[in-house]
Every structure is written in structure tokens, then in C-alpha cells.
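**Q** Below: one structure in C-alpha cells.
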Amino acid sequence: MKVGIAVKLGLLLALVGVLAAGVTGFYAYNSSRALLVDSAKNELLTSTHVLARRITLVREELSRNLQTLTRHPAALAALQAANPDQEDQLATLFRLRMESDPGYFQIRLIAAGNGGMERVRVDRDGKELIRVTGDELQEKGHYSYVFDTLRLAAGQTYLSRIVINRERGSHSALGQPAVQLAMPVVDPQRGPLGVVVINVDLNGLFALLAADLPQEYQLFFANQEGDFLIHPDRSRTFGFDRGRRVLIQDEFPDTRDLVEGRSQQVMTDTGIASDSSAPLVAAFIAQQASVASNEKGFILGLAQPRAAVIKQADALGTVILQIVLGICLVCILLAALVARAVTRPINLMSAAVEGFADDDSAKDLPVRRRDEIGALARSFSRLRTQITQQVAELRQSRVELEHLAQHDTLTGLPNRALFGDRMEIALASARRDDARLALLFIDLDRFKPINDTLGHAAGDLILKEISDRIRAHIRESDTAARIGGDEFVVLLRNVSHPDDALSVANKIRDAAALPFIFDGQPPITLSVSIGIALYPDNGIDMLSLAKHADTAMYSEKARNRMFATPEQD
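For the sequence shown, the positions run 16 to 584 when the numbering used here is used.
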């Protein structure tokens, strides 16, 4: 008797029903633990509020420390005039403060004038404290913790955004999560003369605050937009610093109300992520920044594994779990047998479909089976033979069309569209690496008379030869393109000096000046006009560079000047 796929599927569905009965019993057991989970949520919420209060107390302590330092006579004296004695005294105060609080990365006195030059600076470098002096002091006026703080009144605290510290030469703080708290140093007659900035170790601060929490508690901290700043998995923190967003509302959907301001606290019972080893019970609160800050607010949360929450109830469900596990074991064994019989030929068919263009993909098809799958396999094998050739032809046509869409049909050089794409990529790379590049506009002089005299066929041969000569004198990393009838452009990447671009232009000019020889025709000589525009001297985008290179090319025709003038914008 032939057993069809319908019978096998019926058996599988029957097993799924048995399994569903077991899952129903399991969830019935879980529902009995709801009160225990709710109690854990309330406890987590209370602990989160306590932790938030401790964070506020730490911030207030930092503000008091800043007030002590900004009101010290040495701070004002060091900003009013160069005074080594006062600066030494202030550096000693900074050092004493950092010795008493290992969570401080830096303390700095920064002047309001002179580009925000650091006047007194003490850094933590491992276990040592280092005073930075002389040429190592830096201008910081362009940082918000300087110019925003200078707008505040005396005694007001500024809180920076919490980011990964990328400031050059910051010793232990470099590459670490940090936050700057600052306060202006104000002269009653002259106004704010500078700021005192304390750079705080974010990880160290939260490790200290969470030290008294139960060991199984997990701490989460995010900004108001939802970007993780503290997370048990450090690879998920500060995603925006690596060009991606890792958001609390994606990991804990219930927190979206906190991010969007619709609620001040949320309790949830969910898995931490798709790859989580165990679900979590968690509580989160939203807290607004209580001082002047670029951060609108923060989201603080505590969580613990759900397994730890319900551990006390495990004994009550032992019997139910044993029954469910027994049923599940039987279902798994039966499912394995049925799945092997049903899914193996289906998988073979799926593999054949995925490898449709592979000549060997049809060898393992179950064409000898006498059921519905065998009939389907034989039909597929015939179909594959018929359309494989058509697929190959379509792929070849697509490749040819893509090449034609991006290249000049006469010379084979990239066309205007492809050159534009490569130019944008090169500009982006130059901006990132602080590199230079050059754009060359090349125009054939007196080319129209050749077309009119010898015909377009001879003109086409000259254009092909010119394109080959240009290609022969540039690097593989450079790009040459034909953008018009007798107009060419060349992109030179990583140009160290303008003379390098001039050297390439001269080589192209010399190559173009070599005679063109045709059968039965006297040698033909041409000259070219070349205009050069440099990034960033003549522009920072493709439009401005092209404009300057074109202008320089026509300027060379008229006055023998090849380079564009510097950008004046």
C-alpha cells in the first residue's frame, strides 16, 4: 500500500497535538507563579528608584566639588593672569580631589579665551596621577562642555552628553565611556573667565553604585533616545559610536513609552533579546536631567533572570514538569522519525531549487519515488532542463546591459554616471582620511577639423587611441572617463603634492602629442588642454571641483595656466 504525504502529514499533526497538550500544561504551571513575578517587579522598581536617588546624590556631590574648585581664589587668579604659583596650588587641589575619588578621569581648568586653552590639567593614567603642562595642553573651546558652560551663571552645573571619550591624549579616559560635569569660574566684574571640568568614569561610577545590589541583578542605563550606555553585554553599549543604534526600546519594547515620554516607569517580564539564554523580569524609570545638559534625560533599569525569580516555586511544579517532560520526550522521538521520512525529500527538492543553475543540483532528486514527491521531482527535472539555457542567456544579457549602462561604448572608459559614483566615493574617503585628490579635465584641441576632414571613423580611432594613452599613464586606483565628444576627465586619488597631479598631466599631454598614423594617411598630431582642480584647495564637492577644473582648462587654452585658483568660499 502506497503511503502518501497526506498520511505522513496527518501523523505529524497528531504529534503536534500531543505536544501542544504538554505545552498547555507547562503554561498552566507558569500562570501559578504570576504573583511571585509581580512581587519581583515591584522589588526591582523600588531598587531602581533607590539607585536613581544615589545617582542624584553623586551628581550633587560632584556639583559641590565643582563649586569648591571654581570659588577657590587660585582658580580665578590663574585665569586673570599667568600665575605659576596659583596654577601649582590649583593643580594640588585637583590631585587631592582625584586621590579621594578614583572615579575621576580628569580635572581641568579651561580658559574662556585663547581658543579655550587648558590652564591647569591633572589626568589619571592607570594608578598614577599626571599633571599635563606646556605644549601638551590643548584648546577645548569647540567642545560643548566649554562653550555651553560659559553661558551658565555662577554655581550652575553643566552635564555633557555621555559618549566614548575620543579626546586626544586623555590617558586613562581615552576610549572609555565618560561624562563631563563643568561649572563656570566667574569674575563679578568681568563675567565668566573659564570653566572647571571633571571627567567622570561612567563604568566605574555605576559599578560603585551597584555594588550593594544582589549579584544576579543586571543594570541597564540609556539616554533619552534609547541608546544603551550601560548594559551587561558591553558590545551593545554606545552603538552610535560605531555607526549603529542599539536601542533599549528594541530590546525591551515596553520601554518605548519611557522614550516617547508617555510614562515615567515601566515593569516588564520578557526575554532580553532573541539570543538571550533566559528571560528577564525588569523595571525601568525615566529621569529628566536636573542640570543644564545636552542630554534630555536618562532611562535607568534593573533586571534579574526570571529563573531566579521563580526558583522558590520550582518544587511546587516538579510533578507537572516531570509529566510534561515525559510527553515531550515521546513527541520528540516520534517527530524525529516522521520528520526524517517527510522532510528529507522536501529538503532535496529545496536544495535543487536553490541551486537551480548548478549542473549537479539535480543528481540527488528523489525521481524514483512512487509518491507525490517523486512525481514532483520528475516534473522539476524536466522543467530544469528546459529553462537552464534561458537563465544563462538572461544572466549574460544582464551583465552586458550593466556594463553598457556604465561605460562609453566607443572607448570602453567609464561614462559620466560611473565616474560620478567613483568621484563621490573618493571624496568621502578623502574627507575621512584627510587626504588630497585631483580632478583633471582634458579637451582635445582642434579635433572638429579632423572629423570634418578625415571623417568620423578616423575621429573615433583617435578617441580610442587617446583613451588608451590616458589609461597607460594613470594608476589602477585612478579613474579615467569620457564625458563628452572629445572631453575626458581623470580622477587621481591620494595626491601627496600638486606637482604629482602636474606630472601626470604632463605625461598625458606628451602621450597625446605623439603622432596618430592611419593607413594611407600622413601622420596626425594633436594637442590637449588640461585643467587641474585639487581637493580640498579648489572645492570640497564634485560640482565645485568640476567647475574649477573646467575653468582651469579653458584658462590654459588662453593663458597656459593649468591649475585652478584656490577655493574662496
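Virtual Cβ for every residue (Gly too), placed ideally from N, Cα, C.
#1: Excluding the five sequence neighbours on either side, which residues of its own chain have a C-beta within less than 6 Å of the C-beta of residue 477, listed in chain order?
#2: Determine the direct distance from the alpha carbon of residue 542 to that of residue 573, and round the result to whole angstroms.
#3: Name the residue from 201, 409, 233, 347 whose alpha carbon lies nearest to the alpha carbon of residue 60.
#4: For my contact list, residue 65 and residue 296 are in at a C-beta cut-off of 8 Å; report their separation, rounded to the angstrom.
#5: Which same chain residues end up closer than 6 Å to residue 501 when comparing Cβ atoms and leaving out the 5 residues on each side of it in sequence?
#6: By the DSSP assignment, the alpha helix (DSSP H) with residue 248 in it spans what residues?
#7: Tell me the rounded alpha-carbon separation between residue 111 and residue 160.
#8: Expressed to the nearest angstrom, what Euclidean distance is found between the alpha-carbon atoms of residue 569 and residue 546?
#9: Considering only the alpha carbon of each residue, which of 300, 114, 440, 360 lies closest to residue 383?
#10: Comparing alpha-carbon positions, which option in 129, 138, 132, 131 lies nearest residue 117?
#11: Which of the three DSSP states, helix, strand or coil, is assigned to residue 42?
#12: Would you list, in sequence order, the uninterrupted beta strand (DSSP E) runs of no fewer than 3 residues that lie entirely inside the stretch 199–223?
#13: Residue 464: buried (16+ other C-beta within 10 angstroms of its C-beta) or exposed?
#14: Taking DSSP's pairing of strands, which residues face residue 312 in a bridge?
#15: What three-state label does DSSP hand residue 288 in the structure shown?
#16: When you compare only the Cα positions, how much space is there between residue 457 and residue 560?
#17: Which class does residue 124 belong to by DSSP, given the choice of helix, strand or coil?
#18: Does the stretch 178–190 come within contact of the stretch 92–99, defined as at least 3 CB pairs closer than 8 Å?
#19: Would you tell me roughly how many angstroms separate the C-alpha atoms of residue 445 and residue 195, rounded to the nearest one?
#20: Who are the Cβ neighbours of residue 127 in its own chain at under 7 Å, not counting the five residues just before and after it?
#21: Identify the residues that DSSP records as bridge partners of residue 455: which are they?
#22: Per DSSP, residue 236 is paired with what?
#23: By how many angstroms is the C-alpha of residue 411 removed from the C-alpha of residue 405?
#24: Using a 10 Å radius around the Cβ and a threshold of 16 neighbouring Cβ atoms, would you call residue 124 buried or exposed?
#25: Can residue 495 and residue 489 be called in contact, C-beta distance under 7 Å?
#26: Could you give the DSSP three-state label for residue 227: helix, strand or coil?
#27: Does residue 497 come out as helix, strand or coil in the three-state DSSP assignment?
#28: For residue 263 and residue 237, which I take to be in contact (beta-carbon distance under 8 Å), what is that distance rounded to the nearest angstrom?
#29: As a quick exercise: from 509, 431, 347, pick the residue whose alpha carbon is nearest that of residue 37.
#30: May I ask you to report which of helix, strand or coil DSSP gives residue 425?
#31: How many whole angstroms separate the CB atoms of residue 300 and residue 71, which I take to be in contact at a CB cut-off of 8 Å?
#32: Assuming residue 271 is part of the alpha helix (DSSP H), what are its boundary residues?
#33: In the structure shown, what three-state DSSP assignment does residue 541 receive?
#34: Please state the DSSP three-state secondary structure of residue 196.
#35: Buried or exposed for residue 31, going by 16 or more other Cβ atoms inside 10 Å?
#36: If contacts are defined as beta-carbon pairs under 8 Å, then residue 441 and residue 452 qualify, I think. What distance do you get, rounded to the angstrom?
**A** So, from the listed chains and residues:
#1: On the sequence shown, position 462 is the one that residue 477 refers to. Within the same chain, 531 come within 6 Å of residue 477 by CB-CB distance, once the 5 residues on both sides are set aside.
#2: In the sequence shown, the residue the question calls residue 573 occupies position 558. In the sequence shown, the residue the question calls residue 542 occupies position 527. Put simply, the backbone Cα of residue 573 is about 14 Å away from that of residue 542.
#3: For the purposes of this step, residue 60 is taken as the residue at position 45 of the sequence shown. Residue 60 has its Cα closest to that of 233, out of 201, 409, 233, 347.
#4: What you label residue 65 is simply residue 50 of the sequence shown in a count that begins at 1. What you label residue 296 is simply residue 281 of the sequence shown in a count that begins at 1. Actually they are not in contact, since the Cβ atoms of residue 65 and residue 296 sit about 17 Å apart, beyond 8 Å.
#5: Your numbering for residue 501 matches position 486 in the sequence shown. Cβ-Cβ distances below 6 Å link residue 501 to 459, 462 in the same chain, with the five nearest sequence neighbours on each side left out; the list follows chain order.
#6: On the sequence shown, residue 248 is found 233 positions in, with the first residue counted as 1. Here residue 248 belongs to no alpha helix (DSSP H), and DSSP marks it neither H nor E.
#7: Taking the sequence shown and counting its residues from 1, the one referred to as residue 111 is at position 96. Taking the sequence shown and counting its residues from 1, the one referred to as residue 160 is at position 145. Within the model, the alpha-carbon separation for residue 111 versus residue 160 is close to 23 Å.
#8: For the purposes of this step, residue 569 is taken as the residue at position 554 of the sequence shown. For the purposes of this step, residue 546 is taken as the residue at position 531 of the sequence shown. In a straight line, the C-alpha of residue 569 is about 7 Å away from that of residue 546.
#9: Translated into positions along the sequence shown, residue 383 becomes position 368. Checking every option, the nearest Cα to that of residue 383 belongs to 360.
#10: Here the question's residue 117 lines up with position 102 in the sequence shown. It is 138.
#11: Your numbering for residue 42 matches position 27 in the sequence shown. Helix, per DSSP.
#12: 206–216, all fully within the stretch 199–223.
#13: Within the sequence shown, numbered from 1, the residue matching residue 464 stands at position 449. Looking at its Cβ environment, which holds fewer than 16 other Cβ atoms inside 10 Å, residue 464 is exposed.
#14: Within the sequence shown, the letter at position 297 stands for residue 312. Looking at the DSSP output, residue 312 sits in a beta bridge with 303.
#15: Locating residue 288 in the sequence shown gives position 273, counting from the first residue. Residue placement at residue 288 is poorly supported in this model, since its pLDDT is 44, which falls under 50; the coordinates still yield a value, given next. Residue state, collapsed to three classes: coil.
#16: Counted from its first residue, the sequence shown places residue 457 at position 442. Counted from its first residue, the sequence shown places residue 560 at position 545. Straight across, the Cα-Cα distance linking residue 457 with residue 560 is about 14 Å.
#17: Counted from its first residue, the sequence shown places residue 124 at position 109. Residue 124: strand per DSSP, three-state reduction.
#18: No contact exists between the stretch 178–190 and the stretch 92–99.
#19: For the purposes of this step, residue 445 is identified with residue 430 of the sequence shown, where counting begins at 1. For the purposes of this step, residue 195 is identified with residue 180 of the sequence shown, where counting begins at 1. Spanning the two alpha carbons is a distance of roughly 32 Å.
#20: Sequence index remark: in the sequence shown, residue 127 carries index 112 (1-based). Closer than 7 Å at the Cβ level, and outside the excluded window around residue 127, lie 165, 207, 208, 209.
#21: On the sequence shown, position 440 is the one that residue 455 refers to. DSSP output for residue 455 lists 505, 547 as bridge partner(s).
#22: Looking up residue 236 in the sequence shown gives position 221. Within the DSSP bridge table, the entry for residue 236 names 245, 315 as partners.
#23: Position 390 of the sequence shown, counted from the first residue, corresponds to residue 405. Position 396 of the sequence shown, counted from the first residue, corresponds to residue 411. It is roughly 10 Å from the alpha-carbon of residue 405 to the alpha-carbon of residue 411.
#24: Along the sequence shown, read from residue 1 onward, the residue named residue 124 stands at position 109. It is buried - the Cβ of residue 124 has at least 16 other Cβ atoms within 10 Å.
#25: Residue numbering aside, residue 495 sits at position 480 when the sequence shown is read from its first letter. Residue numbering aside, residue 489 sits at position 474 when the sequence shown is read from its first letter. The Cβ atoms of residue 495 and residue 489 sit closer than 7 Å to each other.
#26: Here residue 227 refers to the residue found at position 212 of the sequence shown. Coil.
#27: Here residue 497 is taken as the residue at index 482 of the sequence shown, counted from 1. DSSP places residue 497 in strand when its eight states are reduced to three.
#28: As a position in the sequence shown, residue 263 is number 248, starting the count at 1. As a position in the sequence shown, residue 237 is number 222, starting the count at 1. Going by Cβ atoms, the distance from residue 263 to residue 237 rounds to 4 Å, so yes, they are a contact pair.
#29: On the sequence shown, position 22 is the one that residue 37 refers to. Sorting 509, 431, 347 by C-alpha distance to the C-alpha of residue 37 places 347 at the top.
#30: Sequence index remark: in the sequence shown, residue 425 carries index 410 (1-based). In the structure shown, residue 425 adopts coil according to DSSP, grouped into three states.
#31: For the purposes of this step, residue 300 is taken as residue 285 along the sequence shown, with counting starting at 1. For the purposes of this step, residue 71 is taken as residue 56 along the sequence shown, with counting starting at 1. Not a contact, Cβ separation roughly 12 Å.
#32: For the purposes of this step, residue 271 is taken as the residue at position 256 of the sequence shown. Run containing residue 271: 271–274, per the alpha helix (DSSP H) assignment.
#33: The residue given as residue 541 occupies position 526 in the sequence shown. Coil.
#34: The residue given as residue 196 occupies position 181 in the sequence shown. Taken through DSSP and simplified to helix, strand or coil, residue 196 comes out as strand.
#35: As a first step, residue 31 must be located in the sequence shown, where it is residue number 16. Residue burial annotation: residue 31 is exposed, with fewer than 16 other C-beta atoms found within 10 angstroms of its C-beta.
#36: Within the sequence shown, residue 441 is the residue found at index 426, counting from 1. Within the sequence shown, residue 452 is the residue found at index 437, counting from 1. Yes, they are in contact, since the Cβ atoms of residue 441 and residue 452 sit about 6 Å apart, within 8 Å.
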